[in-house]
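Visitor: Please read through the structure below; I'll follow up with questions.
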């Protein structure tokens, strides 16, 4: 079994660290809070992203109504990967499946942000027997925008991280010095820093090589809630309208004066909308 890294999630995020061996040489870092029906949370791909940095304002409240499991995907955060690990949409999906297997969870709800939303839909297409339904915010895999292009060559300085995070929100006061410092340190840590270019390249390769199959999405038979901000400059809200017109029975909630990071920028409303939508459908 791989050794647990010596560092832990910063107390700023208020989440307990857990570790799970999900394959030989692979040790997944995750958070597991609450009881009841399982909901797997999949983070985005911004510089220094982790499960905690994506969901710290959501897990405490949502876990009062359901079991919330948030993972650091392979190539990100504190998850330790085996030598020779390859990255990409299907590799990240398979990692999520390995997590479910290791936890003994046959079927789950998925909540994904940006890249995580892309993974959630790909997982539903590849492994429909494992997915009850999906909540996806600012769904990834869209055509390259100027803001997305900026993510292809992240600047690994605190100022570079700040510029990236400020693209995620309308209210830039949410991008505090402490949050910037934490994301910067995460990007530099000894299990993520040297992988950043590789995971970014894999994401952008699959944007062209493995975009979401809209024909297949048109046959998707599960509950879907699409969430977006009207002022998202990373992935425009038109992405949600396209998905809404394609996926049978999908619902959508759009936040006004909100950017790409709706789970942070509109956290209280996000928790209520997503919590109510899931609670109404959980078995």
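Numbering (the numbering used here), first residue to last: 1 to 283.
By construction, the Cβ of each residue, glycine as well, lies at the ideal position given by its N, Cα and C atoms.
1. Determine the direct distance from the alpha carbon of residue 44 to that of residue 68, and round the result to whole angstroms.
2. Applying the criterion that 16 or more other CB atoms from any shown protein chain within 10 Å of the CB defines a buried residue, is residue 190 buried or exposed?
3. Do residue 235 and residue 142 count as a contact pair if the criterion is CB distance below 9 Å?
4. Bridge partners of residue 29, per DSSP?
5. Have a look at 214, 265 and 224 and flag the residue whose alpha-carbon is nearest the alpha-carbon of residue 232.
6. So what does residue 38 bridge to, in DSSP terms?
7. Short check: CB of residue 95 to CB of residue 139, under 9 Å?
8. From this set, 25, 240 and 63, which residue's C-alpha is nearest residue 251's C-alpha?
9. Assuming residue 74 contacts residue 92 under a Cβ cut-off of 8 Å, what Cβ separation, rounded to an integer in Å, is found between them?
10. Looking at the structure shown, is residue 251 part of a helix, part of a strand, or coil, going by DSSP?
11. How is the beta strand (DSSP E) around residue 131 delimited, first residue to last?
12. So what does DSSP say about residue 211, is it helix, strand or coil?
13. Do you know offhand how far residue 181's Cα is from residue 18's?
14. Considering residue 228, what are the terminal residues of the beta strand (DSSP E) in which it resides?
15. Please classify residue 188: does DSSP put it in a helix, a strand, or coil?
Guide: According to the structure shown:
1. 17 Å
2. Confidence is the limiting factor: at residue 190 the pLDDT is only 49, short of 50, which leaves the residue's position unreliable, though a coordinate-based value still follows. Flag for residue 190 reads exposed.
3. yes
4. 19
5. 265
6. 67
7. no
8. 240
9. 7 Å
10. strand
11. 131–137
12. coil
13. 23 Å
14. 224–229
15. helix
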